[in-house]
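Asks: Below you will find the structure I want to go over with you.
2 protein chains.
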Amino acid sequence: MGLYEDLLERIGDRERVTINETVLEQHSKGMAYHEPRKPDVVVFPRTAAEVSAVLSYANERRIPVTPFGAGTSLEGHIIPVQGGITLNLTMMNNIIDIRPDDFLAIVEPGVTRMQLNQALKKHGLFFPVDPGADATIGGMASTNASGTNSVKYGVMRDQVLGLEVVLADGKIVHTGGMAVKSSAGYDLTGLFVGSEGTLGVFTKIIVRLQGIPEATNAIKVSFPTLAEAAQAAASILKAGVSPGKIELVDEQTIQAVNQYKQTDYPAAPTLFIELSGSASSVKDGTELVKELCVAENAVSFEMEEDSVARAKLWEARHHAAFAIQAAYPGKVMLSTDVCVPISKMPAAIAETRKLVDEYGMTAAILGHVGDGNYHTILAFDPADKEEVKRVEEVNARIVRYALSHGGTCTGEHGIGIGKRQFLYEEHRDSVPFMKGIKQLFDPNGIMNPGKIFL
Amino acid sequence: MGLYEDLLERIGDRERVTINETVLEQHSKGMAYHEPRKPDVVVFPRTAAEVSAVLSYANERRIPVTPFGAGTSLEGHIIPVQGGITLNLTMMNNIIDIRPDDFLAIVEPGVTRMQLNQALKKHGLFFPVDPGADATIGGMASTNASGTNSVKYGVMRDQVLGLEVVLADGKIVHTGGMAVKSSAGYDLTGLFVGSEGTLGVFTKIIVRLQGIPEATNAIKVSFPTLAEAAQAAASILKAGVSPGKIELVDEQTIQAVNQYKQTDYPAAPTLFIELSGSASSVKDGTELVKELCVAENAVSFEMEEDSVARAKLWEARHHAAFAIQAAYPGKVMLSTDVCVPISKMPAAIAETRKLVDEYGMTAAILGHVGDGNYHTILAFDPADKEEVKRVEEVNARIVRYALSHGGTCTGEHGIGIGKRQFLYEEHRDSVPFMKGIKQLFDPNGIMNPGKIFL
């Protein structure tokens, strides 16, 4: 029998095992620039037992398996570079349990963050990780995603308390639990989080929840120079205001947004800040933020409390990535993702802007200034070899600048396909041990091959 | 040549390689009940190169090596159960770098938390993990320690950004870095944190720092019943007050303190709370806490802002463990360390009190109610086999109660010697993979043998 028939026999449902061209095509790429490759079959499991049946079959026959969630990966994690089986986990989208008094939820991997937050609202709770896209919790755990809220609430690894994982040979193991903390042996939960589908498939995820703050506002402040904006951000962080979000967008990025949306935002380095907490702490925090910004010569200061007005105020920030995309129809995007020590970020952004100018490129630069992570979004034509080469050069220079200043090649997108070389440059002496761990959990190398390691 | 001569040749300093009986004796035990065992030699390295020289020597000859910090372990981690070499790391106590603008410090493993905090004060920063004892940062990282502050700031694993580790064969590897977050490959940093000296010796630790809050207060509230105290704590957590500390002490424990210190604290279930942040948020938070406590029939409410008065108010909590110790001179202590899902803690504490009453024991019960972690401190005579058996029974029943309610056998003390059996019960299906990882990093099993695994 062929691969399709074998899998159909195991799943027993023609709707959930497919070789339909359109479906294969949909599973050939993520949201970024990497070369697409179709899987041979796509399976939509509904249970851990089905995932286990597929994996033990694939493991015996050395067939590659690639887990797939919402398809929003930016580093090619979900491209089955060696073909084989793609496991689409979106039908495993049950919220198994919400335990408001324990501040946790137990979810299947295909639950998306917006789906979870919708269900949490009535409990006055929310799940704080927001990478922008409506990704699945499974996918976010796989890449250790974070986003704008991480300065206050931490990254995915901080939220995941426990996992059910199906390993390459079909064995189902459990890590962590429902206790908020534990010192019981090696932290396998944290090891699986960020393993990008190379160690196993998550089938159950226990996540921490947060209380919805009493008050939230949004602040937008423009500065004469990038250095002053950055200095204001540093002052805010040091003052202990503990912002919910603090984002830096440079002048050229605002210009790109103005062109794209026909808006007239002041084309100046801009901080987008969110404060949340008790009403009085937000009020006091806002005053303090204003003072600190004025001290750095802020040229405009806007604040909104109403949720619609807040969303409007954040628009320029949210449109930045789309602006670049829209300005270059038909082109594909590369988003750099370096993270540097907090104090090094202003210089890193200035250096990056100089670099893309030098190469004559248009780029959006978006900075999570609270944790030193920033993105440079570059558009290019993958068929234009010369352009590809230049984009890769720029990317490599941005990464090496970050590494030479104590930073990392990826703050939140993961290694995937595109940063494998940089992983070696960053962690030369520990990569052999990462490979040893890979070998331990997946001796036949069937789990998402071609990712993380060269 | 013998072991001593070999090591002396490698270290070249008679002051730092010793077989002095008193020194060996000092390195034979931690602060808990486990049977002492002396090492054959104690070495005090000053550099990673010296640690590496000792380990590669020991690895070739299959000699056990046990790392040792402040000696405050509660689970026998530092007892060299198979003899061999103890590496006392307290001479590696340099604060290598404080980078206030990056909110991080780089320290050697022998730096203690008080030493670090002393140095940080002038920068308006502090290191938030406080396990009570003035432990070394290396030791705290080894056991993934936490303590009263973790409800607000997280545990050791959340603070450690990067490590320099000397592996069993003497190889020096680096993990993590100075970026606040990273998705670059498997999280080896988090794997080493909590590995209890079984995977390698930390020689450099990069830790996150926090700004000292503008205002801090201390609140002490008594309740008619344990259930009401627990319900008040739950309400406080859900109200989003975000306490810096929130501790629950039961009636019998306050009685023990009163006997020990000749104090007259109201013998009632008591919550000790600390709020910190901006002055206005502390003020508002205090009001809210008071309301929530009154709603649960609080019988007394005390609040202090001055640092001396705050310390005084916390005394009953701080003396609880000593009270038990003092009441039973010559006896040794066992401190349980289970952590249950937050909502399960009140019932777990009530159950534990019933249990120790049933066994006719005097015990202090101290709960980190914000994270579901509580300690039952039991005194016993290790020579009295009958008493040892009863204490072990009580401990086992407390652990199994926690495990059957989704909890963990250790919230912050680690597995060490005493909880190896419970690790298997808690993580039966993943312990084989923990062992695989141990094998990968330490194939000859020289690193702290007899700990974590049976």
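Heads up: the sequence lines are chains A and B, in that order.
With the first sequence counted from 1, adding 2 to any position gets you this note's numbering.
With the second sequence counted from 1, adding 2 to any position gets you this note's numbering.
Using N, Cα and C, we set each Cβ at its ideal position, and we do this for glycine too.
Which chain A residues are close to B/GLU216, counting only those with a beta carbon under 7 angstroms from its beta carbon?
Replies: Mapped onto the second sequence, residue 216 of chain B falls at position 214. Near B/GLU216 (Cβ distances below 7 angstroms), the residues of chain A are GLY242.
Asks: Consult DSSP for B/HIS125 and reduce its assignment to one of helix, strand or coil.
Replies: Stepping through the second sequence from its first residue, residue 125 of chain B is reached at position 123. If DSSP states are grouped into helix, strand and coil, B/HIS125 belongs with the helices.
Asks: Please determine if the stretch 149-166 of chain B and the stretch 127-145 of chain A are in contact, where contact requires at least 3 C-beta pairs separated by less than 8 angstroms.
Replies: Judged by Cβ distances under 8 angstroms, the stretch 149-166 of chain B makes no contact with the stretch 127-145 of chain A, as fewer than three pairs qualify.
Asks: Quick check on this structure: which residue in A/MET436, A/ASN397, A/GLY447 and A/ARG430 has the alpha carbon closest to the alpha carbon of A/TYR35?
Replies: In the first sequence, residue 35 of chain A corresponds to position 33, counting from 1. The shortest Cα separation from A/TYR35 among A/MET436, A/ASN397, A/GLY447 and A/ARG430 belongs to A/ASN397.
Asks: Please report how far the alpha carbon of A/PRO451 lies from the alpha carbon of A/PHE46, in whole angstroms.
Replies: Along the first sequence, read from residue 1 onward, the residue named residue 451 of chain A stands at position 449. Along the first sequence, read from residue 1 onward, the residue named residue 46 of chain A stands at position 44. In a straight line, the C-alpha of A/PRO451 is about 20 angstroms away from that of A/PHE46.
Asks: Is the CB of A/THR412 under 9 angstroms away from at least one CB in chain B?
Replies: Translated into the one-based positions of the first sequence, residue 412 of chain A becomes position 410. Answer yes: the Cβ-Cβ gap between A/THR412 and chain B drops below 9 angstroms somewhere.
Asks: Alpha carbon to alpha carbon, what distance is there between B/ARG48 and B/ARG16?
Replies: Residue 16 of chain B sits at position 14 when you count from the first residue of the second sequence. Residue 48 of chain B sits at position 46 when you count from the first residue of the second sequence. Distance between the alpha carbons of B/ARG16 and B/ARG48: 13 angstroms.
Asks: Is there a C-beta anywhere in chain B that falls below 9 angstroms from the one on A/LEU91?
Replies: The sequence position of residue 91 of chain A within the first sequence is 89, counting from 1. By this cut-off, A/LEU91 is not an interface position.
Asks: Check the Cβ of B/GLY202 against every Cβ in chain A and list those closer than 8 angstroms, keeping chain order.
Replies: Position 200 of the second sequence, counted from the start, is the residue given in the question as residue 202 of chain B. Near B/GLY202 there are no residues of chain A at all, since even the closest Cβ is about 10 angstroms away, more than 8 angstroms.
Asks: How would you call B/ASP359, buried or exposed, if buried means at least 16 neighbouring beta carbons within 10 angstroms?
Replies: Along the second sequence, one-based indexing puts residue 359 of chain B at 357. It is exposed - the Cβ of B/ASP359 has fewer than 16 other Cβ atoms within 10 Å.
Asks: Is it right to say B/GLN161 is buried, meaning 16 or more other beta carbons lie within 10 angstroms of its own, or is it exposed?
Replies: The residue you call residue 161 of chain B lines up with position 159 of the second sequence. Result: buried.
Asks: Between the Cα of A/GLU317 and the Cα atoms of A/GLY332, A/ALA258 and A/VAL342, which residue gives the shortest distance?
Replies: Here residue 317 of chain A is taken as the residue at index 315 of the first sequence, counted from 1. That would be A/ALA258, whose Cα lies nearest to the Cα of A/GLU317.
Asks: Roughly how many angstroms separate the alpha carbons of A/ILE98 and A/ARG210, rounded to a whole number?
Replies: The residue you call residue 98 of chain A lines up with position 96 of the first sequence. The residue you call residue 210 of chain A lines up with position 208 of the first sequence. When rounded, the distance between both Cα atoms is 14 angstroms.
Asks: Within 9 angstroms (strictly less), CB to CB, does A/LYS206 reach chain B?
Replies: Position 204 of the first sequence, counted from the first residue, corresponds to residue 206 of chain A. With 9 angstroms as the cut-off, A/LYS206 does not count as an interface residue toward chain B.
Asks: Short of 7 angstroms Cβ to Cβ, which residues in the stretch 342-376 of chain B face chain A?
Replies: Result list: VAL342, PRO343, ILE344, SER345, ASP373, GLY374 and ASN375.
Asks: Closest to A/VAL291 by CA distance: which of A/ALA220, A/ALA350, A/THR338 and A/PHE324 is it?
Replies: Taking the first sequence and counting its residues from 1, one reaches residue 291 of chain A at position 289. The option with the nearest alpha carbon to A/VAL291 is A/ALA220.
Asks: For B/GLY362 and A/ALA72, what's the separation of their Cα atoms in angstroms?
Replies: On the second sequence, residue 362 of chain B is found 360 positions in, with the first residue counted as 1. On the first sequence, residue 72 of chain A is found 70 positions in, with the first residue counted as 1. Cα to Cα, B/GLY362 sits roughly 57 angstroms from A/ALA72.
Asks: Give a yes or no on whether the minimum CB-CB distance between A/ARG64 and chain B is below 9 angstroms.
Replies: Position 62 of the first sequence, counting from 1, holds the residue named residue 64 of chain A. So no, A/ARG64 is outside the interface.
Asks: Would you please verify whether the beta carbon of A/ILE174 is less than 9 angstroms from any beta carbon of chain B?
Replies: The count along the first sequence starts at 1 and reaches residue 174 of chain A at position 172. By this cut-off, A/ILE174 is an interface position.
Asks: List the residues of chain A whose Cβ lies closer than 9 angstroms to the Cβ of B/ASN146, in chain order.
Replies: Here the question's residue 146 of chain B lines up with position 144 in the second sequence. Correct list: LYS183, SER184, SER185 and ASP189.
Asks: Check whether the stretch 404-416 of chain B touches the stretch 338-345 of chain B, taking contact to mean three or more Cβ pairs, one atom from each stretch, closer than 8 angstroms.
Replies: Touching, per the Cβ criterion.
Asks: Thinking just about the alpha-carbon of each residue, which of A/THR88, A/ALA235 and A/ALA381 is nearest to the one in A/LYS346?
Replies: On the first sequence, position 344 is the one that residue 346 of chain A refers to. Answer by Cα proximity: A/ALA235.
Asks: Between B/GLU293, B/ARG402 and B/PHE194, which has its C-alpha nearest B/VAL301's C-alpha?
Replies: Position 299 of the second sequence, counted from the start, is the residue given in the question as residue 301 of chain B. Comparing Cα-Cα distances from B/VAL301 to each of B/GLU293, B/ARG402 and B/PHE194, the minimum goes to B/GLU293.
Asks: Check the Cβ-Cβ distances between B/ARG399 and every residue of chain A, and say whether any is below 9 angstroms.
Replies: Along the second sequence, read from residue 1 onward, the residue named residue 399 of chain B stands at position 397. Chain A, which has no Cβ nearer than 9 angstroms to the Cβ of B/ARG399, makes this no.
Asks: To the nearest angstrom, how far is it from the Cα of A/ILE108 to the Cα of A/LYS206?
Replies: Taking the first sequence and counting its residues from 1, one reaches residue 108 of chain A at position 106. Taking the first sequence and counting its residues from 1, one reaches residue 206 of chain A at position 204. Their backbone Cα atoms lie some 7 angstroms apart in a straight line.
Asks: Taking C-beta pairs closer than 9 angstroms, name the residues in chain A that B/ILE417 reaches, listed in chain order.
Replies: Here the question's residue 417 of chain B lines up with position 415 in the second sequence. Going along chain A in sequence order, the residues near B/ILE417 (Cβ under 9 angstroms) are SER185, ALA186 and GLY187.
Asks: On the DSSP bridge list, what partners appear for B/MET436?
Replies: As a working mapping, residue 436 of chain B is identified with position 434 in the second sequence. Paired residues: none, contrary to the question.
Asks: Who are the Cβ neighbours of B/GLY418 in its own chain at under 6 angstroms, not counting the five residues just before and after it?
Replies: Along the second sequence, read from residue 1 onward, the residue named residue 418 of chain B stands at position 416. GLU77, GLY78, HIS79 and LYS453, listed in sequence order.
Asks: By how many angstroms is the C-alpha of B/PRO245 removed from the C-alpha of A/VAL393?
Replies: Your numbering for residue 393 of chain A matches position 391 in the first sequence. Your numbering for residue 245 of chain B matches position 243 in the second sequence. Their Cα atoms are separated by approximately 48 angstroms.
Asks: Please determine if the stretch 170-177 of chain B and the stretch 225-241 of chain B are in contact, where contact requires at least 3 C-beta pairs separated by less than 8 angstroms.
Replies: Result no; under three Cβ-Cβ pairs closer than 8 angstroms.
Asks: Find the nearest neighbour of A/PHE324 within the set A/ILE275, A/MET33 and A/LYS421, judged by alpha-carbon distance.
Replies: Walking along the first sequence from the start, residue 324 of chain A turns up at place 322. Of the candidates A/ILE275, A/MET33 and A/LYS421, the one whose C-alpha sits nearest the C-alpha of A/PHE324 is A/MET33.
Asks: Among A/HIS377, A/ILE139, A/THR288 and A/GLY187, which one has its Cα closest to the Cα of A/GLU110?
Replies: Here residue 110 of chain A refers to the residue found at position 108 of the first sequence. The shortest Cα separation from A/GLU110 among A/HIS377, A/ILE139, A/THR288 and A/GLY187 belongs to A/ILE139.
Asks: Assign A/CYS411 to one of three DSSP states: helix, strand, or coil.
Replies: In the first sequence, residue 411 of chain A corresponds to position 409, counting from 1. It is coil, neither helix nor strand.
Asks: Could you tell me whether any Cβ in chain B is nearer than 9 angstroms to the Cβ of A/VAL168?
Replies: Position 166 of the first sequence, counted from the first residue, corresponds to residue 168 of chain A. For A/VAL168, the answer is no, since every Cβ of chain B falls outside 9 angstroms of its Cβ.
Asks: Should the stretch 182-189 of chain A be called in touch with the stretch 62-69 of chain A, which here means at least 3 C-beta pairs below 8 angstroms?
Replies: No: fewer than three Cβ pairs fall under 8 angstroms.
Asks: Quick one: using the 10 Å Cβ neighbour count with 16 as the cut-off for buried, is A/ARG63 buried or exposed?
Replies: Translated into the one-based positions of the first sequence, residue 63 of chain A becomes position 61. So A/ARG63 counts as exposed.
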